Amino acid sequence: RKEVEQDPGPFNVPEGATVAFNCTYSNSASQSFFWYRQDCRKEPKLLMSVYSSGNEDGRFTAQLNRASQYISLLIRDSKLSDSATYLCVVRGWNSGYSTLTFGKGTMLLVSP
Amino acid sequence: GAGVSQSPRYKVAKRGQDVALRCDPISGHVSLFWYQQALGQGPEFLTYFQNEAQLDKSGLPSDRFFAERPEGSVSTLKIQRTQQEDSAVYLCASGQTGQPQHFGDGTRLSIL
Chain D
3 RKEVEQDPGP FNVPEGATVA FNCTYSNSAS QSFFWYRQDC RKEPKLLMSV YSSGNEDGRF
63 TAQLNRASQY ISLLIRDSKL SDSATYLCVV RGWNSGYSTL TFGKGTMLLV SP
Chain P
279 GAGVSQSPRY KVAKRGQDVA LRCDPISGHV SLFWYQQALG QGPEFLTYFQ NEAQLDKSGL
339 PSDRFFAERP EGSVSTLKIQ RTQQEDSAVY LCASGQTGQP QHFGDGTRLS IL
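Protein chains in written order, with the working numbering: chain D, 3 to 114; chain P, 279 to 390.
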């Protein structure tokens, strides 16, 4: 079983739709959680951190459930420019430094 | 620019050749990571440097892979006797302790 598992994609949605991505992680000692966005042939870029209390950034809402080891990302009123691969990322600590473990990514395609 | 710079952007090599991939991290960043991203997968950790010290090389897939950062800034990832399964995007990221990693555009390596 992979350490970070995400919904298999792709998700095809029309503009304006609400879409939700789910992610689970296996290492209960994981400390921090993030969503990254990766456009085709580009590098991953940090979209937002994920906190237990839930956090929102404009049309994007991230949730973390530590008990269930579950992370989600909700995108409301999706735009064409939201088309990308969304990577669920977990950070753990190892002898004084942190490492990132990435999920496989879920591709989102927003169509007109 | 002020971001992480990787070169070359694309590299094509014949099976059995050696290749060297370069990473110029953001100036002053202590941490430097190398990742391998196969097609349709998330980035997978290869190795980590803190300044010039290679603290973790647990992700290197074989002894054909070697990384160095002799002066604590520029890093080189070398792959000897390349195989077809080495074809992937190699991403470099740098950061400060506890801060988000900044990724370079990656080197797309194709082994024929």
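From the three backbone atoms N, C-alpha and C, an ideal C-beta is built for every residue, glycine too. From a predicted model like this one, the values you see are computed outputs, not experimental measurements.
Which value, in whole angstroms, describes the spacing of the CA atoms of residue i and residue j?
i, j, result
"P114 of chain D", "C90 of chain D", "26 Å"
"A345 of chain P", "Q358 of chain P", "11 Å"
"R300 of chain P", "V352 of chain P", "7 Å"
"R400 of chain P", "V290 of chain P", "Outside the displayed range of chain P (279 to 390) lies residue 400 of chain P, so it cannot be described from this structure."
"M50 of chain D", "P286 of chain P", "29 Å"
"K4 of chain D", "A31 of chain D", "15 Å"
"E17 of chain D", "L82 of chain D", "6 Å"
"D296 of chain P", "W312 of chain P", "18 Å"
"Y72 of chain D", "G320 of chain P", "18 Å"
"L333 of chain P", "D383 of chain P", "24 Å"
"P303 of chain P", "P339 of chain P", "23 Å"
"V283 of chain P", "S309 of chain P", "The residue you asked about is not Val; residue 283 of chain P is Ser in the sequence shown. Near 15 Å, if we compare the C-alpha coordinates of S309 of chain P and S283 of chain P."
"K44 of chain D", "S70 of chain D", "32 Å"
"L102 of chain D", "F381 of chain P", "12 Å"
"G56 of chain D", "Y288 of chain P", "40 Å"
"E58 of chain D", "Q362 of chain P", "43 Å"
Using a Cβ cut-off of 7 Å, pull out every chain D residue sitting near residue i, in sequence order please.
i, result
"L317 of chain P", "Near L317 of chain P there are no residues of chain D at all, since even the closest Cβ is about 11 Å away, more than 7 Å."
"Y368 of chain P", "Going along chain D, no residue has its Cβ under 7 Å from Y368 of chain P, so there is no contact; the nearest lies around 11 Å."
"D302 of chain P", "Simply none; closest approach about 14 Å."
Taking Cβ to Cβ, would you say residue i is nearer than 7 Å to residue j?
i, j, result
"G105 of chain D", "V15 of chain D", "no"
"Q315 of chain P", "L369 of chain P", "yes"
"P46 of chain D", "L111 of chain D", "no"
"E330 of chain P", "G306 of chain P", "no"
"L75 of chain D", "A86 of chain D", "no"
"S28 of chain D", "R93 of chain D", "no"
"K356 of chain P", "A298 of chain P", "yes"
Assuming residue i and residue j are in contact, meaning their beta carbons sit under 8 Å apart, how far apart are those beta carbons, in whole angstroms?
i, j, result
"F23 of chain D", "Q8 of chain D", "7 Å"
"T20 of chain D", "R78 of chain D", "5 Å"
"Q379 of chain P", "S372 of chain P", "7 Å"
"G376 of chain P", "S100 of chain D", "7 Å"
"T360 of chain P", "R293 of chain P", "6 Å"
Using 10 angstroms around the beta-carbon of residue i, count the other beta-carbons present and answer buried if the total reaches 16, otherwise exposed.
i, result
"A280 of chain P", "exposed"
"T108 of chain D", "buried"
"P10 of chain D", "exposed"
"W37 of chain D", "buried"
"G60 of chain D", "exposed"
"A366 of chain P", "buried"
"S54 of chain D", "exposed"
"L390 of chain P", "exposed"
"L317 of chain P", "exposed"
"Y326 of chain P", "buried"
"D341 of chain P", "exposed"
"Y88 of chain D", "buried"
So which residues of chain D does residue i contact, with C-beta pairs closer than 9 Å?
i, result
"L390 of chain P", "Per Cβ cutoff of 9 Å: no residues; L390 of chain P is ~20 Å from chain D at best."
"S309 of chain P", "Y99 and S100"
"Q328 of chain P", "G98 and Y99"
So residue i contacts chain D; which residues on that side make the cut at Cβ distance below 8 Å?
i, result
"Y288 of chain P", "Residues of chain D passing the Cβ test: none, with the nearest at roughly 10 Å."
Who are the neighbours of residue i on chain P, taking C-beta pairs under 7 Å?
i, result
"E45 of chain D", "L369, F381, G382, D383 and G384"
"L48 of chain D", "P378"
Which chain P residues are close to residue i, counting only those with a beta carbon under 8 Å from its beta carbon?
i, result
"S96 of chain D", "One point to set straight first is that residue 96 of chain D is Asn, not Ser, in the sequence displayed. Near N96 of chain D (Cβ distances below 8 Å), the residues of chain P are D334."
"G105 of chain D", "G320"
"L110 of chain D", "None at all; the shortest Cβ gap to chain P is about 15 Å."
Which bits of chain P does residue i rub up against, with CB to CB less than 9 Å?
i, result
"L89 of chain D", "G320 and P321"
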